[in-house]
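J.: If you want the numbering used here, it's the 1-based position in the sequence shown plus 403.
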Amino acid sequence: MGIFAIYKLNKILLISVDFDDTLIPWVARLNLEFTYLSNKKFRERGINLSKEQWVVLKYLNQRDGLTQNDLAFITHRDKTSMTRLIDNMEKKGYIKREISVQDRRINHIYIRKSGRNILYQTVPIMTELIHNMQAGIDTETIQKTIKVLKIVEKKLKENSEQTLSKT
Numbered sequence: 404m405g406i407f408a409i410y411k412l413n414k415i416l417l418i419s420v421d422f423d424d425t426l427i428p429w430v431a432r433l434n435l436e437f438t439y440l441s442n443k444k445f446r447e448r449g450i451n452l453s454k455e456q457w458v459v460l461k462y463l464n465q466r467d468g469l470t471q472n473d474l475a476f477i478t479h480r481d482k483t484s485m486t487r488l489i490d491n492m493e494k495k496g497y498i499k500r501e502i503s504v505q506d507r508r509i510n511h512i513y514i515r516k517s518g519r520n521i522l523y524q525t526v527p528i529m530t531e532l533i534h535n536m537q538a539g540i541d542t543e544t545i546q547k548t549i550k551v552l553k554i555v556e557k558k559l560k561e562n563s564e565q566t567l568s569k570t
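Laid out in structure tokens, this is it:
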């Protein structure tokens, strides 16, 4: 039996997949583990920041004034969860939200000094985590893995677009 097996039971078609032999569950597990570990490291150092918030600060530090929708797109979040994330970060004083003068429906997000300071404080933590995670894996293997993951991402996007066009 291969990775996929199809069963027919009482006219219901069941597809059994050995997820441990596919990429997606592994990527999801790695993301969960990395998020948990980075949040734990931040807490241990008394830093009131989540990995998701760190990612937003990183993008704003690179390109301040992104729109809320752009941030949602770049970070692969839906608009609702991005709004919640921005609200929490604004309460902490890490960012400020400004309504566009051209279009009041658009919010521009700016990193504050406290947000930039906490980002600079946490970059060494994230760098160490990534270094430890990849220790013992040669650069060529890392590059090949990234290449494969980009192919999978492209296929997921293509399938997503096909699904959207059928609805």
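Glycine included, every Cβ here is placed at the ideal spot set by N, Cα and C.
If you're wondering where the values come from, they're calculated on a predicted model, not measured in any experiment.
With a Cβ-Cβ cutoff of 8 Å, do Tyr497 and Leu474 count as a contact?
T.: No, Cβ-Cβ distance for Tyr497 and Leu474 is not below 8 Å.
J.: Within the same chain, show all residues whose beta-carbon is closer than 8 Å to that of Leu532, passing over the 5 residues directly before and after it, in chain order.
T.: Once the five neighbours on either side are set aside, the close Cβ partners of Leu532 are Phe437, Leu440, Ser441, Lys444.
J.: Quick check on DSSP: helix, strand or coil for Ile489?
T.: Helix at Ile489.
J.: Could you tell me whether the segment 507-517 touches the segment 452-471, where touching means 3 or more Cβ pairs closer than 8 Å?
T.: Output reads yes: the segment 452-471 touches the segment 507-517.
J.: Considering just the uninterrupted stretch of the beta strand (DSSP E) at Ile533, what are its terminal residues?
T.: Element bounds for Ile533: not the beta strand (DSSP E) but the alpha helix (DSSP H), 516-537.
J.: Which runs of the alpha helix (DSSP H) fall wholly inside the segment 449-503 and span at least 4 residues, in chain order?
T.: Those alpha helix (DSSP H) runs which fall completely within the segment 449-503 and span 4+ residues are 454-465, 471-477, 482-494.
J.: For Thr470, which of Thr425, Trp429, Ile502 has the nearest alpha-carbon?
T.: Selected option, being the one with the closest Cα: Ile502.
J.: Just the Cα atoms here: how many angstroms apart are Asp370 and Ile549?
T.: Since the displayed the chain opens at 404 and closes at 570, residue 370 lies outside it and no answer follows.
J.: Out of Leu552, Leu522, Asn510, state which residue places its alpha-carbon closest to the alpha-carbon of Gly468.
T.: Closest by alpha carbon: Asn510.
J.: Does DSSP classify Ile554 as helix, strand or coil?
T.: The answer is helix: DSSP assigns Ile554 an H, G or I state.
J.: Could you name the residues of the same chain whose beta carbon sits closer than 6 Å to that of Gly405, not counting the 5 residues immediately before and after it, in chain order?
T.: Low per-residue confidence applies at Gly405: pLDDT is 47, beneath 50, and the placement is therefore not dependable, though the value from the model is reported in the following sentence. None.
J.: Do Leu552 and Val430 have their C-beta atoms closer together than 8 Å?
T.: In this structure, Val430 lies closer than 8 Å to Leu552 by Cβ.
J.: Out of curiosity, what's the CA-to-CA distance linking Val526 and Gln456?
T.: Between Val526 and Gln456, the C-alpha separation is close to 13 Å.
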